[in-house]
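Take 22 as the starting number for the sequence shown in our numbering and just add one per residue.
Okay, so here's the structure we're looking at.
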Amino acid sequence: MASLLPLTSIQTFSFLWVTTVLLISPAQSLTCTSQTFANKLYSYCLDLPTLNAYLHWNYDAANSSLSVAFTAPPSKPDGWVSWAVNPTGTGMAGAQALIAVKQPNDSVTVQTYKINSYSSIVPSKLSFEVWNLSAHAQGAEITIFATVKVPEKTKKLNHLWQVGPGINEGTGFIVKHDMSPANLGSVGTLNLVAGTNTNGTAGAGDGGASGSQSNGGGIIALLLKESSNYDVWDTSAEYSGGVMRIFPKVKLPEKASSVNHVWQIFALFIRPKKDHKYRFYWNIYHHGLGYAIIVLGILNVFKGINILSPAQKWKSAYIICIAVLGGIALLLEVITWIVVLRKKSRRSTKPYDGYNNNGQGSQRPLGF
Numbered sequence: 022m023a024s025l026l027p028l029t030s031i032q033t034f035s036f037l038w039v040t041t042v043l044l045i046s047p048a049q050s051l052t053c054t055s056q057t058f059a060n061k062l063y064s065y066c067l068d069l070p071t072l073n074a075y076l077h078w079n080y081d082a083a084n085s086s087l088s089v090a091f092t093a094p095p096s097k098p099d100g101w102v103s104w105a106v107n108p109t110g111t112g113m114a115g116a117q118a119l120i121a122v123k124q125p126n127d128s129v130t131v132q133t134y135k136i137n138s139y140s141s142i143v144p145s146k147l148s149f150e151v152w153n154l155s156a157h158a159q160g161a162e163i164t165i166f167a168t169v170k171v172p173e174k175t176k177k178l179n180h181l182w183q184v185g186p187g188i189n190e191g192t193g194f195i196v197k198h199d200m201s202p203a204n205l206g207s208v209g210t211l212n213l214v215a216g217t218n219t220n221g222t223a224g225a226g227d228g229g230a231s232g233s234q235s236n237g238g239g240i241i242a243l244l245l246k247e248s249s250n251y252d253v254w255d256t257s258a259e260y261s262g263g264v265m266r267i268f269p270k271v272k273l274p275e276k277a278s279s280v281n282h283v284w285q286i287f288a289l290f291i292r293p294k295k296d297h298k299y300r301f302y303w304n305i306y307h308h309g310l311g312y313a314i315i316v317l318g319i320l321n322v323f324k325g326i327n328i329l330s331p332a333q334k335w336k337s338a339y340i341i342c343i344a345v346l347g348g349i350a351l352l353l354e355v356i357t358w359i360v361v362l363r364k365k366s367r368r369s370t371k372p373y374d375g376y377n378n379n380g381q382g383s384q385r386p387l388g389f
């Protein structure tokens, strides 16, 4: 059976697509798990979406305490890093901060700061209890350790993280951080119980990767449309991607929706053969469901982007991605129809049952 592309090219495209999706989506969920601290164990960890920062924590509901380890590289070698909680809002004003500064002798000092306004950043006592406060530097990173008291039955906290260049030698105050998008976007809502961080940037990235996966499956299907085994390759590629996407979400069971790909693989065992009387209805179901999933996937990503309200660049990037995939799909559809029409044209001009138009026998080439 002829195919639109050589099988090796099809396999290569499928492999590269699945690999790309896997690298985009779980990469952020795997880094913090490799970090360890001497004599300290934490139940949860997150790769925060900006400033190469990481947060580990334990939440003790019995005494309403939160033990954290925050790690980030300062913007300059002798700079500072900060992790803060804002009990009254989501911005910097009103934040209760822990700020660690790296000294010229490589030691690290950490103090508490109650930030009442953007112009007043001086050491002060926080409105809640803090103990076990310490910090150390390892390589280019600074880690802050602390245990803080949180209100009873707290499930979510507004938190901020930041990095800066250092201390003003004349005043002794910390130098303000940059005003780049990464610095301004270093805020989120920490779910203490589920172990998640709600942030527009992270959500848009993961949602875009998830939405692009189903669209990529449609492209693979078009590549394999003229192959007798295209359903097997397409479903297998989608299944592999779905299963691999489960693992980084094992710690986040409420988000582990990728298990639906396990159900999809059973379609390989119930698909009627081409000459089966129900194959026509199967094709209607298969193609209808496939196109519906692609459309719903696109709409779902846009709905998620509107809810999370990330930077405009994320929405623009996804629109460009969809436009490129749509262009590829249209091109492949045109090529497929050209191939199909050529096949029909060849069949209509071939001799039938070994006889030509004059009724004379004709010898067929070897292999037909």
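Ideal Cβ positions, reconstructed from N, Cα and C, are used throughout, including at glycine.
I'd like the list of long-range same chain contacts for F91, defined as Cβ closer than 6 Å, with 5 residues on each side in sequence excluded. One-based indexing of the sequence shown puts residue 91 at position 70. Only L76, W104, I165 meet the Cβ criterion.
Classify T109 as buried or exposed, calling it buried when 16 or more other Cβ atoms lie within 10 Å of its own Cβ. Numbered from 1 along the sequence shown, position 88 holds the residue referred to as residue 109. Residue burial annotation: T109 is exposed, with fewer than 16 other C-beta atoms found within 10 angstroms of its C-beta.
Would you kindly work out how many angstroms separate the C-alpha atoms of T57 and V169, rounded to a whole number? Here the question's residue 57 lines up with position 36 in the sequence shown. Here the question's residue 169 lines up with position 148 in the sequence shown. The straight-line gap from Cα to Cα measures roughly 21 Å.
Cα separation between A223 and P186? In the sequence shown, the residue the question calls residue 223 occupies position 202. In the sequence shown, the residue the question calls residue 186 occupies position 165. Here A223 scores only 47 on pLDDT, less than 50, and its place in the model is too uncertain to base an answer on.
Run the CB neighbour count on S46, radius 10 Å, all protein chains shown included, and call it buried at 16 or more, exposed below. In the sequence shown, counting from the first residue as 1, residue 46 sits at position 25. Below a pLDDT of 50, predicted positions are generally treated as unreliable, and S46, at 47, falls in that range; the measurement from the model is reported next regardless. S46 is buried by the Cβ-count criterion.
Assuming the contact rule is C-beta atoms closer than 8 Å, I88 and N79 should be a hit. Round their C-beta distance to whole Å, please. Along the sequence shown, read from residue 1 onward, the residue named residue 88 stands at position 67. Along the sequence shown, read from residue 1 onward, the residue named residue 79 stands at position 58. The question names Ile, but residue 88 is Ser in the sequence shown. That belief holds up - the Cβ atoms of S88 and N79 are roughly 4 Å apart, short of 8 Å.
Just checking my contact of P98 with N73 at CB under 8 Å: how many whole Å lie between their CB atoms? Locating residue 98 in the sequence shown gives position 77, where the first residue counts as 1. Locating residue 73 in the sequence shown gives position 52, where the first residue counts as 1. That pair is no contact at about 15 Å.
Report yes if the C-beta distance between V196 and V102 is below 8 Å; otherwise report no. Within the sequence shown, residue 196 is the residue found at index 175, counting from 1. Within the sequence shown, residue 102 is the residue found at index 81, counting from 1. Against a cut-off of 8 Å, the Cβ pair of V102 and V196 comes out as no contact.
Residue of G347, R363, T133 minimising C-alpha distance to N153: Residue mapping note: residue 153 aligns to position 132 of the sequence shown, counting from 1. Cα-wise, what sits closest to N153 is T133.
Just the Cα atoms here: how many angstroms apart are R363 and I319? The residue given as residue 363 occupies position 342 in the sequence shown. The residue given as residue 319 occupies position 298 in the sequence shown. Rounded to the nearest angstrom, the two C-alpha atoms are 34 Å apart.
Three-way DSSP call (helix, strand, coil) for Y63 in this model: By 1-based counting over the sequence shown, the position of residue 63 is 42. In this structure, Y63 counts as coil in the three-state DSSP scheme.
If I follow the unbroken alpha helix (DSSP H) through A118, where does it start and stop? Here residue 118 corresponds to residue number 97 of the sequence shown, with the count starting at 1. Not the alpha helix (DSSP H): A118 falls in the beta strand (DSSP E), residues 117-123.
Paired residues, beta bridge with F166 - DSSP: As a first step, residue 166 must be located in the sequence shown, where it is residue number 145. Paired residue(s): A90, S155.
Report back the beta-carbon spacing between N179 and T210 to the nearest angstrom; my notes put them in contact at under 8 Å. As a position in the sequence shown, residue 179 is number 158, starting the count at 1. As a position in the sequence shown, residue 210 is number 189, starting the count at 1. Under the criterion of beta carbons closer than 8 Å, N179 and T210 qualify as touching, at roughly 6 Å.
Within its chain, find whatever has a CB closer than 7 Å to the CB of S278; leave out the 5 residues flanking it on each side and keep chain order. As a position in the sequence shown, residue 278 is number 257, starting the count at 1. Low local confidence applies: a pLDDT of 43 at S278 is under 50, so the model's placement there is unreliable, with the coordinate-based value given in what follows. The answer is none, since no qualifying residue turns up.
Helix, strand or coil at F389 according to DSSP, with G and I counted as helix: If you number the sequence shown from 1, residue 389 lands on position 368. Only weak support exists for where F389 lies, its pLDDT of 39 falling under 50; the coordinates are left without a value.
Is it buried or exposed for P70, if we count other Cβ within 10 angstroms and need 16 for buried? Residue mapping note: residue 70 aligns to position 49 of the sequence shown, counting from 1. Counting Cβ neighbours within 10 Å, P70 comes out buried, since at least 16 surround it.
Thinking C-alpha only, which one of G309, D127, N60, S138 is nearest A161? Here residue 161 refers to the residue found at position 140 of the sequence shown. Cα-wise, what sits closest to A161 is D127.
Going by DSSP, which residues form a beta bridge with L181? Position 160 of the sequence shown, counted from the start, is the residue given in the question as residue 181. Looking at the DSSP assignment, L181 forms a beta bridge with A105, V208.
Bridge partners - Q132, DSSP secondary structure assignment: The residue you call residue 132 lines up with position 111 of the sequence shown. Answer is I120, bridged to Q132.
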